[in-house]
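J.: Residue numbers (the numbering used here): 715 to 1083. C-beta atoms are modelled at their ideal positions from N, C-alpha and C, and glycine is treated no differently.
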Amino acid sequence: RRRGPGRRPAARAARRRGAVVVSGPARPGLGCVGTPRLLAGLDRDPRLDREAHLAAHGPLPRYASDELVDLAADIDLRGRGGAGFPFARKLRAVIGSAREREGPTAVVVNGSEGEPSCLKDKALLLHAPHLVLDGALLAAAAVGAEEVVVAVTRADVERSVRDAVAERGPGGRRVRVARLPERFVTGEGTAMVGGLNGGAALPSGRRVRTSERGLGGVPTLLSNTETYAQLAVAARMGAPDYRAAGLPSEPGTVLLTVAGQTVVETPTGTSLAYVLDLCGTRTGQGVLVGGYHGRWLDPGAARSADVSRGSLSAFGAVLGAGAVLPLPEDTCPAGEVARVTRWMAKESAGQCGPCVRGLPGLADVLEDA
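(1) When burial is assigned at 16 or more other CB atoms within 10 Å of the CB, is Val-989 buried or exposed?
(2) Check for me: the alpha helix (DSSP H) holding Gly-745 runs from which residue to which?
(3) On the premise that Glu-940 lies in contact with Arg-794, defined as a C-beta separation below 8 Å, what is that separation, rounded to the nearest angstrom?
(4) Inspect the beta-carbon positions of Val-864 and Val-891 and report whether they are closer than 9 Å.
(5) Can you find at least 3 beta carbon pairs, one from the stretch 862-878 and one from the stretch 1011-1029, that sit closer than 8 Å?
(6) Rank Val-875, Ala-1077 and Val-823 by C-alpha distance to the C-alpha of Glu-902 and give the top, closest one.
(7) Taking the runs of the beta strand (DSSP E) that are 3 residues or longer, which of them lie wholly in the stretch 824-887?
(8) Rounded to whole angstroms, how far is the Cβ of Val-899 from the Cβ of Leu-910, which I believe are closer than 8 Å?
(9) What is the rounded straight-line gap between the Cα of Pro-1042 and the Cα of Gly-1049?
(10) Can you name, in chain order, every residue of its own chain whose Cβ lies under 8 Å from the Cβ of Pro-895, other than the five neighbours on each side?
(11) Under 8 Å: do the stretch 800-807 and the stretch 771-784 share three or more Cβ pairs, one atom per stretch?
(12) Would you check if the stretch 953-970 and the stretch 812-819 touch, i.e. whether three or more CB-CB distances between them fall below 8 Å?
(13) Considering Val-1001, what are the terminal residues of the beta strand (DSSP E) in which it resides?
(14) Which residues in the same chain have their Cβ closer than 7 Å to the Cβ of Asp-788, if we skip the five residues on either side of it in sequence?
(15) Pop quiz: Thr-995 and Val-1021 are said to be a contact at Cβ under 8 Å. What is the actual Cβ separation, rounded to whole angstroms?
(16) Closest to Arg-741 by CA distance: which of Gly-772, Tyr-777, Gly-796 and Asp-835 is it?
(17) With Ala-1035 and Leu-1080 assumed to form a contact (beta carbons below 8 Å), what rounded beta-carbon distance in angstroms separates them?
(18) Measuring alpha carbon to alpha carbon, tell me which of Gly-930, Glu-964, Ala-842 and Cys-1069 ends up nearest Asp-757.
(19) Just the C-alpha distance for Ala-966 and Tyr-956, rounded to the nearest angstrom, thanks.
(20) Just reading off the beta strand (DSSP E) that Leu-1085 is part of, what are its end residues?
So this is what it looks like as structure tokens:
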């Protein structure tokens, strides 16, 4: 961080340029490293309706409950919303809770991307909504859910998913589309369930397992948009073919949002620098990986890192929800940190002192530095 008389004007100029995204484009560009899976068919059609979806991906096979759990375990499918929780464990937990209670279950697709630097889930729901619905309906069959809810925050995404549900005819009757406030906190699990249950979409402040008590108080499988899409791809390919791409320890592909503008599908293990180059950007002064709760990689680390949990953990970083934000050479890092801090202060749930007072105060200090 440079000190001296020129630093504050540089920070203000950086805030005007906005290297770290605090407002995203209406629709991201799309890119792919290697053969597309999640983005298959989108080189021909900007949005895959039901017919185009089946032409690109083929029919969806049926799986028994234990078979789907085994598939998710075999490919080590992890949640793609940031935490990376094993999906097979989520499935087992909901199935177990349902058996204990001998009652109904539900499936929720978390389509809320609170950070403007994350656009991958919006891209799927805008361009390939049927792939997400396939995965959600597969999961619903496995856990015995009668209802699937797709929770979104943008009007254009809501229209796309509603159109996809209508295109399925009678098969779409089990799917409900719900629009929640477009806020950073909406995607938190208890906030989403609270909003869908008719309350405020705010974190409950309590540790509540949705697998035990979620939508309508019943055991609920709540997972990220991309996670369901990956499940649908794996169900068609089978575990051996799915594992043919990516690393043996982290098979498959992953979606990244690069510079808040382009969504790229890439196999795990791909060089991060290669992905940046594909998107026409460079490592610059460093790269923020994992979004606003992620970690800055210096240029050397960014050039050495691969797109994988293992590689990034060696640099103390996580992939999170797949946001990759390079910092250009002519942008002040202090200015960018100030912009993000102010944005997060405005997005606070307003439920605890550190957020209500601490974040605005910290933003003031950073802006005056």
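T.: This is what the structure gives:
(1) Here residue 989 is taken as the residue at index 275 of the sequence shown, counted from 1. It counts as buried.
(2) Here residue 745 corresponds to residue number 31 of the sequence shown, with the count starting at 1. Run containing Gly-745: none in the alpha helix (DSSP H); it sits in the beta strand (DSSP E), 743-746.
(3) Counting from one through the sequence shown, the residue named residue 794 turns up at place 80. Counting from one through the sequence shown, the residue named residue 940 turns up at place 226. 4 Å between Cβ atoms; contact.
(4) Within the sequence shown, the letter at position 150 stands for residue 864. Within the sequence shown, the letter at position 177 stands for residue 891. Yes, the pair counts as a contact, with Cβ atoms nearer than the cut-off.
(5) no
(6) For the purposes of this step, residue 902 is identified with residue 188 of the sequence shown, where counting begins at 1. The candidate whose alpha carbon is nearest that of Glu-902 is Val-823.
(7) 861-866
(8) Taking the sequence shown and counting its residues from 1, one reaches residue 899 at position 185. Taking the sequence shown and counting its residues from 1, one reaches residue 910 at position 196. Val-899 to Leu-910, Cβ: 14 Å. No contact.
(9) Here residue 1042 refers to the residue found at position 328 of the sequence shown. Here residue 1049 refers to the residue found at position 335 of the sequence shown. When rounded, the distance between both Cα atoms is 12 Å.
(10) Numbered from 1 along the sequence shown, position 181 holds the residue referred to as residue 895. Same-chain partners within the cutoff: Thr-867, Gly-909 and Ala-915.
(11) yes
(12) no
(13) Here residue 1001 is taken as the residue at index 287 of the sequence shown, counted from 1. Run containing Val-1001: 1000-1003, per the beta strand (DSSP E) assignment.
(14) In the sequence shown, the residue the question calls residue 788 occupies position 74. Cβ neighbours of Asp-788 beyond the five flanking positions: Ala-953.
(15) For the purposes of this step, residue 995 is taken as residue 281 along the sequence shown, with counting starting at 1. For the purposes of this step, residue 1021 is taken as residue 307 along the sequence shown, with counting starting at 1. That belief does not hold up - the Cβ atoms of Thr-995 and Val-1021 are roughly 15 Å apart, past 8 Å.
(16) The count along the sequence shown starts at 1 and reaches residue 741 at position 27. The candidate whose alpha carbon is nearest that of Arg-741 is Asp-835.
(17) On the sequence shown, residue 1035 is found 321 positions in, with the first residue counted as 1. On the sequence shown, residue 1080 is found 366 positions in, with the first residue counted as 1. Not quite, the Cβ-Cβ distance comes to about 24 Å (not below 8 Å), so this is no contact.
(18) One-based indexing of the sequence shown puts residue 757 at position 43. Answer by Cα proximity: Ala-842.
(19) Residue numbering aside, residue 966 sits at position 252 when the sequence shown is read from its first letter. Residue numbering aside, residue 956 sits at position 242 when the sequence shown is read from its first letter. The amino acid at residue 966 is misidentified as Ala; the sequence shows Gly. One C-alpha to the other measures close to 6 Å.
(20) Lying outside 715 to 1083, the shown extent of the chain, residue 1085 is not represented and no answer is given.
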